[in-house]
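**Q** Going by the working numbering, the sequence shown opens with residue 91, and the numbers climb by one from there.
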Amino acid sequence: TTPADIDRAENRDQFARLCDRLKIRQAEHRIAHGLDDAKVLALEIGYPVMVRPSFVLGGRAMTVAFDERELEESIAKAIEAMPNQPILLDNFLDDAIEVDVDAISDGDAVLICGVMQHIEAAGVHSGDSSCVLPSPLLSKKQDQDLRTITRALATELKILGPLNVQYAIHDDIIYVLEANPRCARTVPFAAKACGLPFAEMTAQIMAGQKLADSNWPMDPQPAMWHVKSPVFPFIKLPGEDPVTGPEMKSTGEVMGSAHSFGSAFAKAYRACGAKLPRSGRVFLSVNDRDKDQIAEIGRGLYQLGFDLVATQGTGKVLKEAGLPVHLVKKVYEGEPNIVQMIRAGEIALVINTPIGKSSHRDDRYIRWEAMRAHVACLTTLSASRALIEAIRAIKSERLEVFALQDLASWSQ
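#1: Reducing DSSP to helix, strand and coil, say where Val-154 ends up.
#2: For the beta strand (DSSP E) that Met-345 lies in, which residues bound it at each end?
#3: Taking a contact to mean a Cβ-Cβ separation below 8 Å, would you say Ile-202 touches Asp-309 in this structure?
#4: In its own chain, which residues sit with a C-beta less than 7 Å from the C-beta of His-450, not counting the 5 before and 5 after it?
#5: What's the C-alpha gap between Glu-487 and Arg-360?
#6: Mind checking which residues open and close the beta strand (DSSP E) that includes Gly-204?
#7: In chain order, what residues of the same chain lie with their CB nearer than 6 Å to the CB of Val-421, ignoring the 5 residues before and after it?
#8: Under three-state DSSP, which class holds Ala-493?
#9: To the nearest angstrom, how far is the alpha carbon of Asp-198 from that of Thr-276?
#10: Bridge partners for Ser-319 per DSSP, in chain order?
#11: According to DSSP, which residues form a beta bridge with Met-140?
#12: Give the single residue among Ile-384, Ile-114, Phe-373, Ala-493 whose Cα lies nearest to the Cα of Arg-237.
#13: Can you tell me where the beta strand (DSSP E) with Gly-517 in it begins and where it stops?
#14: Does DSSP put Lys-357 in a helix, a strand or coil?
#15: Just to confirm my understanding: we take Val-214, look at its own chain, exclude 5 residues before and 5 after, and list those with CB closer than 6 Å. What are they?
#16: On the DSSP letters alone, give me the boundaries of the beta strand (DSSP E) that Cys-467 sits inside.
#17: Taking the alpha-carbon of Lys-318 as reference, which of Asp-397, Val-418, Val-222 has the nearest alpha-carbon?
#18: Helix, strand or coil for Leu-131, going by three-state DSSP, please let me know.
#19: With DSSP as the reference, label Ala-193 as helix, strand or coil.
#20: Using only alpha-carbon positions, find the residue among Phe-156, Arg-150, Met-152 that is nearest to Tyr-137.
#21: Look at the alpha carbon of Ser-448 and the alpha carbon of Glu-163, and state the distance between them as a whole number of angstroms.
#22: Considering only DSSP beta bridges, list what Lys-419 is partnered with.
#23: Inspect the beta-carbon positions of Leu-398 and Leu-374 and report whether they are closer than 8 Å.
#24: On the premise that Gly-352 lies in contact with Ala-483, defined as a C-beta separation below 8 Å, what is that separation, rounded to the nearest angstrom?
#25: Could you spell out where the alpha helix (DSSP H) holding Arg-107 opens and where it closes?
#26: Report the residue from Ile-194, Asp-235, Pro-224, Gly-363 whose alpha carbon sits nearest the alpha carbon of Ala-297.
#27: What number of angstroms, rounded off, separates the C-alpha of Val-205 from the C-alpha of His-416?
#28: Output yes or no for whether 8 Å exceeds the beta carbon distance between Gly-390 and Ser-369.
#29: Please classify Lys-339 as buried or exposed, where buried requires at least 16 neighbouring CB atoms within 10 angstroms.
Set out below in C-alpha cells:
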C-alpha cells in the first residue's frame, strides 16, 4: 500500500470525502481545524460528539465530549497529539454495536479474515473491548454488507496487504468509523480462531503472491465460539480509574475458545486474572441513561442466586421491577457505606456505569476500592450481560480444554 493511499485512509478529511464518494454511511460528522471551529460544528451535530484526531494509534487523544467544557479539553488533547491536522467530530452513536473487520487484499481480490463483534458498545476503544467471533448479534445480511463495504474500501484505497475497518451498527444501519491500512491487534485473534496463518499470508501477498493462486478460503468461518478480552494494568497503577473509553488503556489480551459463547467468555475472563464469582452480593450503581436496562441485569443475577445491593436511585428501579434489593450508602452519605462493604469482603461483583468526565468522585472511590480488593468491576451493561452468560455457563457446563494447535482442524 502506497504512502499516498495510507494518507487517504488516515487523514480524516480525505477519508470522509472518500466514503461520501462511495456512498458509504458515516455518522453525521464535521471536520474541525481548531477550537473555535469545533465549538460551532459540535452545536450543528449535537452533543455528545466523538473527537477523533488524524494519524493516531491506540485511540490516542480520542474522547467523547458531552458538553462545551469537555469539548474544549478534548480539542486541546487532539491538537497536542497531532498539531496542524484535521480533527473529525462525529455524532456519538449511543449504545451502537461496534464491529472490527480484518482483511487482506492483493490489489484485485479481498480475503475477509474475520467479522468480530465488540461486546462493549461503541465508544470503547477496540483494544479495550472484548470481542467475539462469530458475531452473535449480526444478521446474515449485516454480515454480508460488512464484507461488501470492506471489499469496496480495500479496492478504492488500493490496499496491497492488510486492512482493518471499524464499524458501528445503530438502529440496524451500518456506519463506517475508520479504516486502518495495516495489521490490527485483532489479527492474531482472528488467525487463531479461523486456523489460518494471516501474518504469513499478508507477507506473501505483499511479496507479490495473488489470492487466486492460493488455496486459502476467501471467507473463513470458525467452527467454535472465540472471545478476545483485554488485560488491564490498573492494579499496578494506584489511582487510575478503570473506566474504559475511546483511548486505549489495556496492555495485553487473552483468548477463550469453547462450544458456547458463555463458556468462551468465562475462559477469557478468567485468563485476564479476574475473579468470576458464582455467588455472593452484587453491588449495582448505574447512570440515569442505563437505569431503563438495569432491571434486566439485576433479574439475571438474582436468578443465578446473587443478592442485590444498590444505591438509592438504582435500588428504586430494581424494587419497582419486583426485585429484592438491599440499599447501601455512598461514601459521602455516611456509614456503613459501599466502600466499607468492599473492604470487608462482602461484595463479590461491582457494576458501576459512569457517564461523562464529571462523574461523581464517589463512584471513582468505589471502582478503585473494588480494584484493590480484586473484586470484578464492570463499567458497561453490555459487559455485564456477557458476564451473566459466563456465570451461567460455569454453573451448568464443564469448561473443556483444547489444544491451540487443533483450532485449524476445527475451522471450515
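Glycine is no exception: its CB is placed at the ideal position from the N, C-alpha and C atoms.
**A** Per the coordinate set shown:
#1: strand
#2: 342 to 348
#3: Yes, these two residues count as a Cβ contact at 8 Å.
#4: For His-450, the predicted structure reports a pLDDT of 45, less than 50, and the residue's modelled location is therefore unreliable. The matter cannot be settled from this model.
#5: Computed Cα separation, rounded: 15 Å.
#6: 200 to 211
#7: Asn-427, Val-429, Asp-452, Tyr-455, listed in sequence order.
#8: coil
#9: 23 Å
#10: DSSP, once it has assigned bridges, lists Val-344 as partnering Ser-319.
#11: According to DSSP, Met-140 shares a beta bridge with Val-154, Asp-180.
#12: Ile-114
#13: Lying before the first or after the last residue shown, residue 517 is absent from the chain, which here runs from 91 to 502.
#14: For Lys-357, the three-state secondary structure derived from DSSP is helix.
#15: Thr-334
#16: 466 to 468
#17: Val-222
#18: helix
#19: strand
#20: Phe-156
#21: Summary for Ser-448: the model assigns pLDDT 48, below 50, so the residue's position carries little reliability; its value from the coordinates is reported in the next sentence. Cα to Cα, the separation comes out at about 12 Å.
#22: Asn-427
#23: yes
#24: Between Ala-483 and Gly-352 a beta carbon distance of about 3 Å is seen, short of the 8 Å cut, so the two are scored as contacting.
#25: 102 to 112
#26: Ranking the options by Cα distance to Ala-297, first place goes to Ile-194.
#27: Approximately 42 Å between the Cα atoms of the pair.
#28: no
#29: buried
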